[in-house]
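Protein chains: 4
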Amino acid sequence: MRKLQISVIGYNKDCTENARKVAYEVGKEIAKAEAVLVCGGLGGVMESACRGAKENGGTTVGIIPQEEFSYANQYCDIVVCTGIGYARDFIVASSGDGIIAVGGGVGTLIELGVGYMTKKIIVAMAGSGGVADMYGGKFLDERKRAQIVIAKDAKEAVQVILEKYHNWQKHQ
Amino acid sequence: MRKLQISVIGYNKDCTENARKVAYEVGKEIAKAEAVLVCGGLGGVMESACRGAKENGGTTVGIIPQEEFSYANQYCDIVVCTGIGYARDFIVASSGDGIIAVGGGVGTLIELGVGYMTKKIIVAMAGSGGVADMYGGKFLDERKRAQIVIAKDAKEAVQVILEKYHNWQKHQ
Amino acid sequence: MRKLQISVIGYNKDCTENARKVAYEVGKEIAKAEAVLVCGGLGGVMESACRGAKENGGTTVGIIPQEEFSYANQYCDIVVCTGIGYARDFIVASSGDGIIAVGGGVGTLIELGVGYMTKKIIVAMAGSGGVADMYGGKFLDERKRAQIVIAKDAKEAVQVILEKYHNWQKHQ
Amino acid sequence: MRKLQISVIGYNKDCTENARKVAYEVGKEIAKAEAVLVCGGLGGVMESACRGAKENGGTTVGIIPQEEFSYANQYCDIVVCTGIGYARDFIVASSGDGIIAVGGGVGTLIELGVGYMTKKIIVAMAGSGGVADMYGGKFLDERKRAQIVIAKDAKEAVQVILEKYHNWQKHQ
Numbered sequence: 000m001r002k003l004q005i006s007v008i009g010y011n012k013d014c015t016e017n018a019r020k021v022a023y024e025v026g027k028e029i030a031k032a033e034a035v036l037v038c039g040g041l042g043g044v045m046e047s048a049c050r051g052a053k054e055n056g057g058t059t060v061g062i063i064p065q066e067e068f069s070y071a072n073q074y075c076d077i078v079v080c081t082g083i084g085y086a087r088d089f090i091v092a093s094s095g096d097g098i099i100a101v102g103g104g105v106g107t108l109i110e111l112g113v114g115y116m117t118k119k120i121i122v123a124m125a126g127s128g129g130v131a132d133m134y135g136g137k138f139l140d141e142r143k144r145a146q147i148v149i150a151k152d153a154k155e156a157v158q159v160i161l162e163k164y165h166n167w168q169k170h171q
Numbered sequence: 000m001r002k003l004q005i006s007v008i009g010y011n012k013d014c015t016e017n018a019r020k021v022a023y024e025v026g027k028e029i030a031k032a033e034a035v036l037v038c039g040g041l042g043g044v045m046e047s048a049c050r051g052a053k054e055n056g057g058t059t060v061g062i063i064p065q066e067e068f069s070y071a072n073q074y075c076d077i078v079v080c081t082g083i084g085y086a087r088d089f090i091v092a093s094s095g096d097g098i099i100a101v102g103g104g105v106g107t108l109i110e111l112g113v114g115y116m117t118k119k120i121i122v123a124m125a126g127s128g129g130v131a132d133m134y135g136g137k138f139l140d141e142r143k144r145a146q147i148v149i150a151k152d153a154k155e156a157v158q159v160i161l162e163k164y165h166n167w168q169k170h171q
Numbered sequence: 000m001r002k003l004q005i006s007v008i009g010y011n012k013d014c015t016e017n018a019r020k021v022a023y024e025v026g027k028e029i030a031k032a033e034a035v036l037v038c039g040g041l042g043g044v045m046e047s048a049c050r051g052a053k054e055n056g057g058t059t060v061g062i063i064p065q066e067e068f069s070y071a072n073q074y075c076d077i078v079v080c081t082g083i084g085y086a087r088d089f090i091v092a093s094s095g096d097g098i099i100a101v102g103g104g105v106g107t108l109i110e111l112g113v114g115y116m117t118k119k120i121i122v123a124m125a126g127s128g129g130v131a132d133m134y135g136g137k138f139l140d141e142r143k144r145a146q147i148v149i150a151k152d153a154k155e156a157v158q159v160i161l162e163k164y165h166n167w168q169k170h171q
Numbered sequence: 000m001r002k003l004q005i006s007v008i009g010y011n012k013d014c015t016e017n018a019r020k021v022a023y024e025v026g027k028e029i030a031k032a033e034a035v036l037v038c039g040g041l042g043g044v045m046e047s048a049c050r051g052a053k054e055n056g057g058t059t060v061g062i063i064p065q066e067e068f069s070y071a072n073q074y075c076d077i078v079v080c081t082g083i084g085y086a087r088d089f090i091v092a093s094s095g096d097g098i099i100a101v102g103g104g105v106g107t108l109i110e111l112g113v114g115y116m117t118k119k120i121i122v123a124m125a126g127s128g129g130v131a132d133m134y135g136g137k138f139l140d141e142r143k144r145a146q147i148v149i150a151k152d153a154k155e156a157v158q159v160i161l162e163k164y165h166n167w168q169k170h171q
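Protein chains in written order, with numbering that gives the first Met the number 0: chain V, 0 to 171; chain P, 0 to 171; chain E, 0 to 171; chain H, 0 to 171.
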């Protein structure tokens with residue numbers, strides 16, 4: 000049976016040191032929960048989260064905008080070369096059973112939007128900056144489909160997704 | 000020479016009567032400015048804007064998620080069948096020199112995000128509801144690349160885009 | 000009512016002089032038939048076909064791989080900036096009621112494949128070289144969905160599409 | 000370090016019994032070579048190849064056209080939900096260091112085209128039917144970028160990719 004997949008989204012370039020640390024912990028907790036880490040496969044939050052997962056026995060998937068493998072960070076076990084540019088944000092968000100946001104700019108907001116549209120379980124890391132802090136705890140539109148949950152640390156973030164996911168499975 | 004292209008984004012299903020009226024006026028003003036109206040080609044704001052343009056001598060392009068022409072509203076002169084689902088939001092936003100938002104849910108927010116990322120001129124219609132009112136006047140992330148301008152009516156919205164576009168052209 | 004859309008596909012770089020001439024005639028005949036010319040918006044066959052259409056009063060649409068308008072050839076009335084790279088081949092093929100191939104390499108073959116998969120009316124220009132000559136008159140797979148019709152000149156190519164399209168419409 | 004990724008392409012619906020058997024063996028040999036099996040994640044050849052890999056300790060990735068996980072076959076360890084329809088064929092082909100074709104219709108031909116365009120190592124299984132037999136040993140266009148190699152069995156197919164890949168790496 001397929002393992003749970005968690006997408007980690009956030010800063011690429013101009014990543015803060017703090018967001019890197021938070022992302023590393025998120026990757027580590029995903030690995031410890033035996034879930035698969037999915038991300039956009041590039042630098043910053045994506046790279047730190049992949050490293051956190053790899054150094055703790057996890058599995059990592061990088062879904063990159065480019066067509067060539069070489070653009071992916073070195074901590075990706077599996078690289079999906081989309082070649083479709085930033086429209087790959089849709090695929091990163093759709094390919095997680097849950098989503099964790101660490102900081103992030105507008106690309107991360109787009110991924111939050113896709114997750115919200117498809118009613119994913121979404122968690123924003125408190126204090127990680129960027130759109131995670133701007134939109135954490137809020138609804139992205141007036142339809143109020145799915146609130147973005149705020150988590151105080153990586154352990155809680157992964158826990159929220161595991162619980163909601165298992166509840167959801169029970170009701171299928 | 001290519002004409003100016005303006006993307007109109009907003010509600011699809013569950014469009015309010017008010018947003019339809021605003022969208023019609025936006026389409027009409029785009030036609031009067033001899034610009035091409037680009038949109039997602041479906042119902043609600045997209046349909047009303049296309050109708051407004053067509054009834055005033057304009058040209059309309061619908062970029063639809065589906066692979067078959069039949070999904071487009073009847074006011075599209077040209078239909079682009081993407082077949083890539085809602086990832087077509089990227090293409091709608093990228094294919095406008097400027098963007099006008101009328102109401103809208105999270106799909107519209109995603110389009111605003113893409114426009115913001117690629118530094119388009121973005122205008123939100125005041126009082127049109129939805130994400131146009133939620134995000135009008137704001138920056139979508141902490142990088143503050145491009146403020147979403149609020150326009151009080153359709154004439155002003157198109158005027159803002161024309162002026163900014165011509166200024167931008169002068170500096171190329 | 001929407002006009003008929005015909006996608007012209009073929010060589011980009013390394014276009015032969017002969018293919019350019021054929022493409023120009025194809026664009027001209029599409030314009031004379033009052034259909035809209037759709038293409039990939041770049042050079043070679045795409046540019047010549049657009050020029051042929053424009054110099055004969057037609058309307059042209061370029062669906063480009065890039066995210067910026069500036070990559071399109073100067074004969075495109077409307078530019079669709081997909082930003083999804085060569086996956087835009089799917090959109091070029093899907094957005095034609097019929098398809099005309101002039102020469103072409105493997106990118107053109109991919110577009111023929113998409114047209115064949117979605118049962119479009121497909122015509123290959125005889126003597127235009129490339130995949131148009133390699134696959135003209137053939138079925139692309141063993142399912143034999145739709146034979147690629149060979150046309151001796153541009154007039155015949157457009158005629159074949161008009162006739163098949165009107166027959167198809169009668170049976171809807 | 001990332002493991003080698005091999006994309007297996009071929010029939011979905013209407014898969015022959017023979018192609019299923021061949022696909023199973025291909026999956027098995029990919030697992031034995033400790034490479035990752037990438038595929039389109041649906042039925043027929045994709046499902047059999049995944050099963051062959053899973054029953055021999057391998058890792059499998061399914062890149063599906065849909066937006067929901069449930070469309071993937073049960074032998075996928077990791078599911079990438081693209082939501083972009085059959086344009087995902089581009090991603091399946093781009094995400095393999097090498098490609099193995101087992102039977103297949105026009106969708107498989109499109110994937111061969113993408114592999115050919117991006118100069119992947121491509122192998123067609125002899126006697127597996129469909130486009131694998133139609134195009135095996137041939138060049139897809141007149142540019143003759145990359146010949147599609149014919150392999151007599153699954154062991155040879157994987158061997159060809161391993162050898163060519165290691166040669167290619169040595170020259171980087």
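All residues carry an ideal CB built from backbone N, CA and C; glycine is no exception.
Counting along the chain, where does the alpha helix (DSSP H) carrying residue i start and finish?
i	result
GLY129 of chain V	129-134
GLY83 of chain H	In the sequence on display, residue 83 of chain H carries Ile and not Gly. Here ILE83 of chain H belongs to no alpha helix (DSSP H), and DSSP marks it neither H nor E.
LEU108 of chain P	105-116
ARG176 of chain H	Because residue 176 of chain H is not part of the residues shown, which for chain H are 0 to 171, the question remains open.
MET45 of chain H	43-53
GLY93 of chain H	According to the sequence displayed, residue 93 of chain H carries Ser and not Gly. Its alpha helix (DSSP H) spans residues 87-93.
What residues from chain H crowd round residue i, counting only those whose CB sits closer than 8 angstroms?
i	result
GLY109 of chain E	It is worth fixing the name first, because residue 109 of chain E is Ile in this sequence and not Gly. By Cβ distance, chain H contributes ILE109, GLY112, VAL113, MET116.
CYS80 of chain V	ILE90, SER93, SER94
Across which residues does DSSP place residue i in a beta bridge pair?
i	result
ILE149 of chain P	P:ALA123
CYS38 of chain P	P:VAL7, P:GLY61
ASP13 of chain E	E:ASN11
ILE160 of chain P	ILE160 of chain P pairs with nothing; no bridge assigned.
ILE77 of chain V	V:VAL60
Note down, in chain order, every chain V residue with its Cβ under 9 angstroms from the Cβ of residue i.
i	result
ALA156 of chain E	Result: empty, since nearest Cβ-Cβ is about 31 angstroms, beyond 9 angstroms.
GLU66 of chain E	GLY84, TYR85
Measuring alpha carbon to alpha carbon, tell me which residue in the options is nearest residue i.
i	options	result
GLU155 of chain H	H:ALA125, H:ALA145, H:GLN171	H:ALA125
HIS165 of chain V	V:THR59, V:ILE120, V:GLY129, V:ASP152	V:ILE120
ALA131 of chain E	E:MET116, E:ASP76, E:GLN171, E:VAL44	E:VAL44
ASP76 of chain H	H:GLY61, H:GLU67, H:ILE90	H:GLY61
LYS12 of chain V	V:MET116, V:GLY102, V:ALA145	V:GLY102
MET0 of chain V	H:CYS49, H:GLN65, H:GLU24	H:CYS49
ALA18 of chain E	E:LEU3, E:VAL35, E:GLU46, E:ILE5	E:GLU46
GLN171 of chain H	V:VAL21, V:THR59, V:THR58, V:SER69	V:SER69
LYS172 of chain P	P:VAL78, P:GLN158, P:VAL157, P:LYS163	Absent from the structure is residue 172 of chain P, since the part of chain P shown begins at 0 and ends at 171.
GLN65 of chain H	V:LYS143, V:ALA71, V:ILE90, V:GLY57	V:ILE90
GLY40 of chain P	P:MET116, P:ASP88, P:THR15	P:ASP88
VAL147 of chain E	E:LYS169, E:TRP167, E:ILE99, E:VAL157	Note that residue 147 of chain E corresponds to Ile in the displayed sequence, not to Val. The option with the nearest alpha carbon to ILE147 of chain E is E:ILE99.
ARG142 of chain P	V:ARG142, V:LEU139, V:MET133, V:ASP140	V:MET133
How far does the beta strand (DSSP E) with residue i in it reach, from first residue to last?
i	result
ALA100 of chain H	97-101
SER6 of chain H	4-9
GLY59 of chain E	Before going further, note that residue 59 of chain E is Thr rather than Gly in the sequence given. Where THR59 of chain E is concerned, the enclosing beta strand (DSSP E) stretches over 58-63.
Is there a Cβ from chain B that is less than 8 angstroms from the Cβ of residue i?
i	result
ASP76 of chain E	Absent from the structure: chain B. Protein chains present are V, P, E and H.
Check whether the Cβ atoms of residue i and residue j sit closer than 8 angstroms, and answer yes or no.
i	j	result
ILE109 of chain E	ALA86 of chain V	no
SER93 of chain H	CYS80 of chain V	yes
GLY97 of chain E	GLY9 of chain E	no
ALA32 of chain E	LEU161 of chain E	yes
VAL105 of chain E	GLY112 of chain H	yes
GLN4 of chain H	VAL35 of chain H	yes
VAL7 of chain H	ALA22 of chain H	yes
ALA145 of chain V	VAL159 of chain V	no
LYS27 of chain P	ASN55 of chain P	yes
ALA123 of chain P	GLY135 of chain P	yes
GLU67 of chain P	ALA153 of chain P	no
Strictly below 8 angstroms CB to CB, what residues from chain E border residue i?
i	result
ILE62 of chain P	VAL79
Using a cut-off of 7 angstroms between C-beta atoms, extract the partners of residue i located in chain P.
i	result
GLY106 of chain V	MET116
Can you list the residues of chain E that residue i reaches, using a CB-CB cut of under 7 angstroms?
i	result
ARG142 of chain H	GLY104
Note down, in chain order, every chain V residue with its Cβ under 8 angstroms from the Cβ of residue i.
i	result
GLY129 of chain P	ASP140, GLU141
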